[in-house]
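Visitor:
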Amino acid sequence: MAKDEVRVILVDDHHIVRRGLAALLQLDSRYRVVAEAANGEEALRVADETAADIMILDLAMPRLNGLETIRRIASQHPDLHILVLSMYDDTEFVTQALQDGAHGYLLKESMDDELFSALNAITYGDIYISKSIQSALPENPSESSAARLTPREREMLQLIAEGYTTAEIARFMIISVHTAGRHRANIMKKLDVHNQVELVRLAVQQGWVILDQPSEFLPKQSD
Numbered sequence: 001m002a003k004d005e006v007r008v009i010l011v012d013d014h015h016i017v018r019r020g021l022a023a024l025l026q027l028d029s030r031y032r033v034v035a036e037a038a039n040g041e042e043a044l045r046v047a048d049e050t051a052a053d054i055m056i057l058d059l060a061m062p063r064l065n066g067l068e069t070i071r072r073i074a075s076q077h078p079d080l081h082i083l084v085l086s087m088y089d090d091t092e093f094v095t096q097a098l099q100d101g102a103h104g105y106l107l108k109e110s111m112d113d114e115l116f117s118a119l120n121a122i123t124y125g126d127i128y129i130s131k132s133i134q135s136a137l138p139e140n141p142s143e144s145s146a147a148r149l150t151p152r153e154r155e156m157l158q159l160i161a162e163g164y165t166t167a168e169i170a171r172f173m174i175i176s177v178h179t180a181g182r183h184r185a186n187i188m189k190k191l192d193v194h195n196q197v198e199l200v201r202l203a204v205q206q207g208w209v210i211l212d213q214p215s216e217f218l219p220k221q222s223d
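Here my numbering is used: the first residue of the sequence shown is 1, the next is one more, and so on.
1. Taking the alpha carbon of residue 9 as the point to measure from, which residue in 74, 95, 88, 50 has its own alpha carbon closest?
2. Within 10 angstroms of the Cβ of residue 112, are there 16 or more other Cβ atoms? Answer buried if so, exposed if not.
3. Let me check one thing: in DSSP terms, what residues is residue 37 bridge-paired to?
4. Rounded to the nearest angstrom, what separates residue 24 and residue 198 at their Cα positions?
5. So which of 209, 86, 195, 134 has the shortest CA-CA distance to residue 149?
6. Could you check if residue 184 is buried or exposed, using at least 16 other CB atoms within 10 Å of its CB as the buried criterion?
7. Between residue 56 and residue 85, what straight-line distance do the alpha-carbon atoms span, to the nearest angstrom?
8. Quick one: complete beta strand (DSSP E) runs, 3+ long, within the segment 41-81?
9. In the DSSP assignment, find the alpha helix (DSSP H) that holds residue 181 and state where it starts and stops.
10. Return the residue from the list 96, 91, 53, 79 that minimises the CA-CA distance to residue 66.
11. Thinking C-beta only, is residue 59 closer than 8 Å to residue 93?
12. Between the beta-carbon of residue 61 and the beta-carbon of residue 28, is there less than 8 Å?
13. To the nearest angstrom, how far is the alpha carbon of residue 141 from that of residue 161?
14. Using the Cα positions of residue 174 and residue 33, report the straight-line distance between them to the nearest angstrom.
15. Just curious, the beta strand (DSSP E) that residue 157 is in, first and last residue?
16. Which residue or residues does DSSP assign as beta-bridge partners of residue 105?
See the structure below:
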């Protein structure tokens, strides 16, 4: 992807963060901000409508969280490289973001020069991880707990966290109650938790689910 001009999309739910990033990027003439978004849904729309090379993306956002946004962007726009810019230094977030398709992970506490180092690495097709967390990463990122969940189990985890019963989840996902119960048991076994309270607490703490809106997996209601 190396080129004279690198087009950048900024995605963060805080306007002041986007403004700060835009100001920083103006210090290097290679980078041009071509669009901004305040949440995951907007990020998907902007990616569809705007030609860009790099997306700088926050993880904790309303209306579609960062990890799900990464998965969709990576699937629909494989040439759009994603740099996660996050306050979370937990290795679970880092490994999951990279497995989902991100090309870099930078902490918000990083200095300005490290931002440009990350952008430069991604521009040339490399992976970049904040220096302060590189040594803490597992040797085999595929061992990340969330990475062991299938897409359907991820859908169910979101619904469980929102308080839906097994019967309701079965109806939403168009599966039998028995199958839904088996999925629930598999999720708890993979994540090594023993009840729903532990399951939801872990999912929220790790950022695998968001609870401030109805699940994206629920059927849309007609007007």
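We put the beta carbon where it would ideally sit given N, CA and C, even for glycine.
Guide: Taking the definition as stated:
1. Here the closest residue by C-alpha is 50.
2. Per the 10 Å Cβ criterion, exposed.
3. Residue pairing for residue 37: DSSP places it in a beta bridge opposite 11.
4. Their Cα atoms are separated by approximately 41 Å.
5. Nearest option by C-alpha distance: 209.
6. Counting Cβ neighbours within 10 Å, residue 184 comes out buried, since at least 16 surround it.
7. Approximately 6 Å, taken between the alpha carbons.
8. Every unbroken stretch of the beta strand (DSSP E) spanning 3 or more residues and falling wholly within the segment 41-81 is given here in chain order: 54-57.
9. Per DSSP, residue 181 belongs to the alpha helix (DSSP H) from 177-190.
10. Scanning 96, 91, 53, 79 for the CA closest to the CA of residue 66 turns up 96.
11. Less than 8 Å separates the beta-carbon of residue 93 from that of residue 59.
12. For residue 61 and residue 28, no; Cβs fall outside 8 Å.
13. At residue 141, the pLDDT of 46 sits below 50, so the modelled position is not reliable; the number obtained from the coordinates is stated separately. Distance between the alpha carbons of residue 141 and residue 161 is about 25 Å.
14. So the alpha carbons of these two residues sit roughly 42 Å apart.
15. In the DSSP assignment, residue 157 falls outside any beta strand (DSSP E) and lies within the alpha helix (DSSP H) extending over 151-161.
16. Residue 105 is bridged by DSSP to 84, 129.
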